[in-house]
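S.K.: Protein chains in written order, with my numbering: chain G, 2 to 291; chain V, 390 to 796.
This is how it looks when you write it as structure tokens:
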């Protein structure tokens, strides 16, 4: 019983890590409909930026979050403006290849600049174990859970209640109709991609203290992030959050009770079953939105 | 003006002719050096090559092999395809006498197929995959220990080093084998399981996991629930860091943890984990530099030579392994009646060096398959942020500690 509860706590913490990484992808994949294979590499850039800010300037990782969010917002804006936008009317596959190319280029750039070794932020105050009864959890994980909930609630409110949020949703629903209604679609795309990337900036500051940065660190997370977004119904922030929690719990429990190397099999099996019985994802908008 | 030009041309031609003829007088023996010099494996590929380069320079300073200086021809093997291409170039265009390599097993497996067909001897100095010398090749020889030797050293250390240090019976120790699930981890873990059965070691858990895991907590909880005393891990860098961090966070304190080289040997791993948390972690690998000179005569001189040439401390034990291997084969070439492949094979099979006769502490005696049978990797331990040799006793520079972490 003790082990089960510890595993569930661990799963929730893992889920909040997936959630905070996937929220940005929900914006990019769900709204702009670009399958952004470079999403993991945005995380990688963010983690190296956090590492540099922490070691060279002595910032606390959580303080480093602010400049990194701005940096990644700008990176996202540049990617959308100069790589995706010229391809918006091209075949979807071409966009996919563009992001795959970008991903490969960024990984190799990191290999050139930083080498294949891993870099880790030293942050003794974040890696402190907190005892909840007899169960262990890290300060950094609790912060991540709090941040994930805040970010999801905040983004949801932003999408529902602001003019910009409504414009983003309108663009997501029907690009041409939004254009006819006077929405500056290209600007919306740029802002959305920037916001999605900025969320990854926040994620990288929270993940860095728990996870060392390597050139390929993005690939560890990106596939799970796609699963989470599709599971959550593509456009829903809450959907992505609950999707991430489900994956986190399944990941943690199946690795213990079945086998650590089979956990992907388990959660992909669940993923396929959900897609068969509920093709629009758990929190989808009904058929026909795809 | 024309006259001046003609005179210059004539002088030039003469000079070239002269240079060519002196070249012909001083016949050189070309040796191929096939390593990954660029790409993701370049760092340790280059470190391996430095060992060969130092051994060659030392040999040339002493008059070369059979009075002929050795000339290294480099081949850059980034991936198996390129390894094949470069092996072809070395054997057919450059017509090298022998080839040295390779650091990476997949590169070695590919390149040796070419050299075997071409009838050119191939000296493997660093790749550990067992099947390299299990294919019945006649012109392939390997000095370094293989994955099976790594696994055997790890399992044997439980009975010979860990149990005596703890003052308990080896059979009473509960052992877990955990490993990343690619070829490297699967291979070593497979040999560990076999060796453990032969030695009667109690293995209570065998857990494979993906090296790309972002969370090893469930693995650690399994080990904790099973009350594991000794963990044998075969891992890369990222999963090693995760294991040590999360073991500490979950309060899992085994009596000993031992790695199979890989992530355990790298300084960056220790820095990411923290010297205090890595304290006491055991590791089995090629000989490193904090090793007792009496078991590895010449290791100090090697480090001095290395520093004199490259201006830094050796970056890993790979250069030493390649240096020692190259020297063994240079001696065998010198003892052969000529440089033909059968003569070199005959001479290599006659090599007979006792364990502890080389700078890496290895001996040399090759079996019919071409594998050196007198090698076994030493057991090392992280102590105070340094990887020091602790077992066998003759090679040890300090006493082995038990437990994990300083707090």
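Positions of the beta carbon are idealized from the N, C-alpha and C atoms, including for glycine.
If I follow the unbroken beta strand (DSSP E) through residue 34 of chain G, where does it start and stop?
M.R.: Stepping through the first chain from its first residue, residue 34 of chain G is reached at position 33. No beta strand (DSSP E) holds residue 34 of chain G; DSSP gives it neither H nor E.
S.K.: Given this structure, state the Cα-to-Cα distance separating residue 196 of chain G from residue 171 of chain G, to the nearest angstrom.
M.R.: To locate residue 196 of chain G, count along the first chain from 1; it is residue 195. To locate residue 171 of chain G, count along the first chain from 1; it is residue 170. Using only the alpha carbons, I get a separation of about 16 Å.
S.K.: Can you grab the Cα-Cα spacing for the pair residue 427 of chain V / residue 598 of chain V, in whole Å?
M.R.: Within the second chain, residue 427 of chain V is the residue found at index 38, counting from 1. Within the second chain, residue 598 of chain V is the residue found at index 209, counting from 1. Cα to Cα, residue 427 of chain V sits roughly 30 Å from residue 598 of chain V.
S.K.: Going along chain V in order, which residues have a C-beta closer than 8 Å to the C-beta of residue 126 of chain G?
M.R.: Residue 126 of chain G sits at position 125 when you count from the first residue of the first chain. Chain V residues near residue 126 of chain G: none, gap ~14 Å exceeds 8 Å.
S.K.: May I have the straight-line CA-CA distance separating residue 118 of chain G from residue 190 of chain G, to the nearest angstrom?
M.R.: Your numbering for residue 118 of chain G matches position 117 in the first chain. Your numbering for residue 190 of chain G matches position 189 in the first chain. When rounded, the distance between both Cα atoms is 36 Å.
S.K.: Could you give the uninterrupted runs of the beta strand (DSSP E) lying entirely in the stretch 488–555 of chain V, keeping only those of 3 residues or more?
M.R.: Runs of the beta strand (DSSP E) inside the stretch 488–555 of chain V: 511–513 and 529–531.
S.K.: Are there three or more Cβ pairs, one per stretch, closer than 8 Å when the stretch 674–690 of chain V is compared with the stretch 740–752 of chain V?
M.R.: Touching, per the Cβ criterion.
S.K.: Does the beta carbon of residue 106 of chain G sit closer than 8 Å to a beta carbon anywhere in chain V?
M.R.: For the purposes of this step, residue 106 of chain G is taken as residue 105 along the first chain, with counting starting at 1. Output row for residue 106 of chain G: interface = no.
S.K.: Residues in the same chain with beta-carbon distance under 7 Å from residue 166 of chain G, minus the five sequence neighbours each way, listed in chain order, please.
M.R.: As a working note, residue 166 of chain G is residue 165 in the first chain. Within the same chain, residue 166 of chain G has close Cβ partners 159 and 160.
S.K.: Looking at the unbroken alpha helix (DSSP H) that takes in residue 131 of chain G, where does it start and where does it end?
M.R.: Counting from 1 along the first chain, the entry for residue 131 of chain G is found at position 130. Counting along the chain, residue 131 of chain G falls outside any alpha helix (DSSP H), though it belongs to the beta strand (DSSP E) covering 130–133.
S.K.: Tell me the rounded alpha-carbon separation between residue 82 of chain G and residue 168 of chain G.
M.R.: Along the first chain, read from residue 1 onward, the residue named residue 82 of chain G stands at position 81. Along the first chain, read from residue 1 onward, the residue named residue 168 of chain G stands at position 167. Going from the Cα of residue 82 of chain G to the Cα of residue 168 of chain G covers about 18 Å.
S.K.: Smallest Cα separation from residue 730 of chain V: which of V:581, V:480, V:700 and V:467?
M.R.: For the purposes of this step, residue 730 of chain V is identified with residue 341 of the second chain, where counting begins at 1. Nearest option by C-alpha distance: V:480.
S.K.: At which residues does the alpha helix (DSSP H) containing residue 731 of chain V begin and terminate?
M.R.: Within the second chain, numbered from 1, the residue matching residue 731 of chain V stands at position 342. Residues 730–739.
S.K.: Enumerate, from N- to C-terminal direction, the unbroken alpha helix (DSSP H) stretches of 4 or more residues contained entirely within the stretch 659–716 of chain V.
M.R.: Within the stretch 659–716 of chain V, the complete alpha helix (DSSP H) runs of at least 4 residues are 664–667 and 688–699.
S.K.: Using the beta-carbon count (16 or more within 10 Å), is residue 182 of chain G buried or exposed?
M.R.: On the first chain, residue 182 of chain G is found 181 positions in, with the first residue counted as 1. With fewer than 16 other Cβ atoms within 10 Å, it is exposed.
S.K.: Between the stretch 198–208 of chain G and the stretch 99–109 of chain G, do three or more beta carbon pairs fall short of 8 Å?
M.R.: Too few Cβ pairs lie closer than 8 Å, so no.
S.K.: If contact means a Cβ-Cβ distance below 8 Å, which residues of the stretch 592–613 of chain V contact chain G?
M.R.: Cβ contacts with chain G: 596, 597, 598, 599, 601, 602, 603, 604, 605, 606, 607, 608, 610 and 611.
S.K.: Quick one: residues in its chain with C-beta nearer than 6 Å to the C-beta of residue 724 of chain V, no 5 flanking neighbours on either side, listed in chain order?
M.R.: Along the second chain, one-based indexing puts residue 724 of chain V at 335. If we look at residue 724 of chain V and ignore the five residues flanking it on each side, its Cβ neighbours are 736.
S.K.: Specify the secondary structure class of residue 591 of chain V as computed by DSSP and reduced to three states.
M.R.: To locate residue 591 of chain V, count along the second chain from 1; it is residue 202. Strand, per DSSP.
S.K.: Between residue 176 of chain G and residue 194 of chain G, what straight-line distance do the alpha-carbon atoms span, to the nearest angstrom?
M.R.: For the purposes of this step, residue 176 of chain G is taken as the residue at position 175 of the first chain. For the purposes of this step, residue 194 of chain G is taken as the residue at position 193 of the first chain. Rounded to the nearest angstrom, the two C-alpha atoms are 15 Å apart.
S.K.: Pull out every residue of the stretch 659–671 of chain V whose Cβ sits closer than 9 Å to any Cβ of chain G, in chain order.
M.R.: Listed in sequence order: 660, 661, 662 and 663.
S.K.: Using only alpha-carbon positions, find the residue among G:273, G:270, G:281 and G:24 that is nearest to residue 148 of chain G.
M.R.: The residue labelled residue 148 of chain G in the question sits at position 147 within the first chain. Residue G:24 is the option with its Cα nearest to residue 148 of chain G.
S.K.: Report yes or no: is there a C-beta of chain V within less than 8 Å of the C-beta of residue 261 of chain G?
M.R.: The count along the first chain starts at 1 and reaches residue 261 of chain G at position 260. Judged by the 8 Å Cβ criterion, residue 261 of chain G is in contact with chain V.
S.K.: Can you name the residues of chain G whose CB is closer than 7 Å to the CB of residue 627 of chain V?
M.R.: As a position in the second chain, residue 627 of chain V is number 238, starting the count at 1. In chain order: 119, 213 and 215.
S.K.: Grab me the residues of residue 585 of chain V's own chain with a C-beta within less than 6 Å of its C-beta, minus the 5 sequence neighbours each way, in chain order.
M.R.: Taking the first residue of the second chain as position 1, residue 585 of chain V is located at position 196. Hits under 6 Å: 544 and 592.
S.K.: Nearest CA to the CA of residue 137 of chain G: which residue from G:283, G:269, G:7 and G:258?
M.R.: Translated into the one-based positions of the first chain, residue 137 of chain G becomes position 136. When each option's Cα is compared against that of residue 137 of chain G, the closest is G:7.
S.K.: For a test of the three-state rule: what should DSSP assign to residue 411 of chain V, helix, strand or coil?
M.R.: Position 22 of the second chain, counted from the start, is the residue given in the question as residue 411 of chain V. Because the pLDDT of residue 411 of chain V is 43, which lies under 50, any placement of that residue in the model is unreliable, and the number read from its coordinates should be weighed accordingly. In the structure shown, residue 411 of chain V sits in a helix (DSSP, three-state: H, G or I).
S.K.: Does residue 716 of chain V pass the burial test, meaning 16 or more other C-beta atoms within 10 Å, or should it be called exposed?
M.R.: What you label residue 716 of chain V is simply residue 327 of the second chain in a count that begins at 1. Per the 10 Å Cβ criterion, buried.
S.K.: To be precise: take each residue of the stretch 5–36 of chain G, compare its Cβ to all Cβ atoms of chain V, and keep it if any distance is under 7 Å. Which residues remain?
M.R.: So the close ones are 7, 8, 11 and 15.
S.K.: Do you know how far the Cα of residue 783 of chain V is from the Cα of residue 629 of chain V?
M.R.: Counting from one through the second chain, the residue named residue 629 of chain V turns up at place 240. Counting from one through the second chain, the residue named residue 783 of chain V turns up at place 394. When rounded, the distance between both Cα atoms is 29 Å.
S.K.: Does any residue of chain V bring its CB to less than 8 Å from the CB of residue 130 of chain G?
M.R.: Here residue 130 of chain G refers to the residue found at position 129 of the first chain. True, the Cβ-Cβ gap to chain V drops below 8 Å.
S.K.: Apart from the five residues just before and just after residue 36 of chain G, which ones in its own chain have a Cβ nearer than 6 Å to its Cβ?
M.R.: To locate residue 36 of chain G, count along the first chain from 1; it is residue 35. If we look at residue 36 of chain G and ignore the five residues flanking it on each side, its Cβ neighbours are 97.
S.K.: Whose Cβ in chain G lies nearer than 7 Å to the Cβ of residue 639 of chain V?
M.R.: Translated into positions along the second chain, residue 639 of chain V becomes position 250. Chain G residues near residue 639 of chain V: 137.
S.K.: Is DSSP giving residue 193 of chain G helix, strand or coil here?
M.R.: Within the first chain, the letter at position 192 stands for residue 193 of chain G. The answer is helix: DSSP assigns residue 193 of chain G an H, G or I state.
S.K.: Hey, quick one: how far does the beta strand (DSSP E) through residue 94 of chain G stretch, first residue to last?
M.R.: As a working mapping, residue 94 of chain G is identified with position 93 in the first chain. It is not in any beta strand (DSSP E) - residue 94 of chain G instead sits in the alpha helix (DSSP H) that spans 93–115.
S.K.: What does DSSP give as the partner residues of residue 647 of chain V in its beta bridges?
M.R.: As a working note, residue 647 of chain V is residue 258 in the second chain. According to DSSP, which records beta bridges pairwise, residue 647 of chain V is partnered with V:621 and V:671.
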